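Trainee: For what it's worth, full-length UniProt numbering labels the leading residue of the sequence shown as 1, then goes sequentially.
Where a beta carbon is used, it is the ideal one built from N, C-alpha and C, also for glycine.
Note that the structure is predicted; figures quoted are calculated from it, not measured.
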Amino acid sequence: MILTLLSYRLAFILILTLPNLVFGAGTTSVDVRIQADIHSSMHMEWEKLSVNDQRYQDMKAKITIKDGWLLLPYGLYTELQTNDKNRMVSLRISDFVSVNKQDKINNKSVYVSINGENLQPASKDLALLYPEDRALLKKYVLLFIVKTMPNHRSGKYSANFKFITNTLP
């Protein structure tokens, strides 16, 4: 599914189903909600990547996953562009919260690989588009990795991934 957002300030939500994050076999999944707050000077397209997608496989080959870490079998492909010389776009990832609200996987346990580069902690906003990128079409493949902890429980979780736009002074 590709969405192109050009001229309106809109928020779109995509529900992705991710397999179990930790330790459980045959249990349910994680619902991930992706939101984008887009301004008229922005162009954005995004697409869910499955594990079978060649872009996913190319970036997976570039990263090293340690024992106790889990690469989620879905990624995100995004294209970003702005004509605003003061606009910055970042990705914000919330904690993963179980559907029954009893369990939580803190976003400090979640990491993001941007185009196969070193892992970035999801506990901080991840800058994807800088003001100096004005008029450039930036393309990213984002892979998500979870550092599993003994207190993480299997089950159904939900998380919000938000693309945040900021206007810099």
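Measure the alpha-carbon distance for residue 101 versus residue 166 and round it to whole angstroms.
Mentor: Those two C-alpha atoms are separated by around 31 Å.
Trainee: Could you check whether residue 143 and residue 113 sit closer than 8 Å to each other, using their CB atoms as the reference points?
Mentor: It is a contact, given that the beta carbons lie within the stated cut-off.
Trainee: Return the residue from the list 111, 95, 73 that minimises the CA-CA distance to residue 57.
Mentor: Cα-wise, what sits closest to residue 57 is 73.
Trainee: Kindly provide the ranges of any alpha helix (DSSP H) runs that are 4 or more residues long and lie completely inside the segment 39 to 84, ordered along the chain.
Mentor: With a minimum length of 4 residues, the continuous alpha helix (DSSP H) runs that stay inside the segment 39 to 84 are 54 to 62.
Trainee: If you draw a straight line from the alpha carbon of residue 25 to that of residue 83, how long is it in whole angstroms?
Mentor: The pLDDT assigned to residue 25 is 36, lower than 50, so where the model puts this residue is not dependable; a value taken from the coordinates is nonetheless given after this. Their Cα atoms are separated by approximately 47 Å.
Trainee: Evaluate contact between the segment 61 to 69 and the segment 79 to 98, counting only Cβ atoms and requiring at least three cross-stretch pairs below 8 Å.
Mentor: Because the criterion of three Cβ pairs below 8 Å is not met, the segment 61 to 69 and the segment 79 to 98 do not touch.
Trainee: Taking only three categories from DSSP, how would you classify residue 109?
Mentor: Three-state result, residue 109: helix.
Trainee: Can you say whether residue 116 is buried or exposed, counting buried as having 16 or more other CB atoms within 10 angstroms of its CB?
Mentor: With fewer than 16 other Cβ atoms within 10 Å, it is exposed.
Trainee: With a threshold of 6 Å on Cβ separation, who are the neighbours of residue 62 within its own chain once the five nearest residues in sequence on each side are excluded?
Mentor: Counting only Cβ-Cβ distances below 6 Å, and skipping sequence neighbours, we find 116.
Trainee: Using CA atoms only, rank isn't needed, just tell me which of 59, 98, 127, 75 is closest to residue 92.
Mentor: Here the closest residue by C-alpha is 127.
Trainee: Roughly how many whole angstroms lie between the Cα atoms of residue 138 and residue 131?
Mentor: Using only the alpha carbons, I get a separation of about 12 Å.
Trainee: Could you name the residues of the same chain whose beta carbon sits closer than 6 Å to that of residue 99, not counting the 5 residues immediately before and after it, in chain order?
Mentor: So the qualifying residues of the chain are 156.
Trainee: Looking at the secondary structure, which residues open and close the beta strand (DSSP E) in which residue 148 lies?
Mentor: Careful: residue 148 lies outside any beta strand (DSSP E) and carries neither H nor E.
Trainee: Grab the span of the beta strand (DSSP E) containing residue 158 for me, first residue to last.
Mentor: 157 to 167 is the span of the beta strand (DSSP E), which, as asked, contains residue 158.
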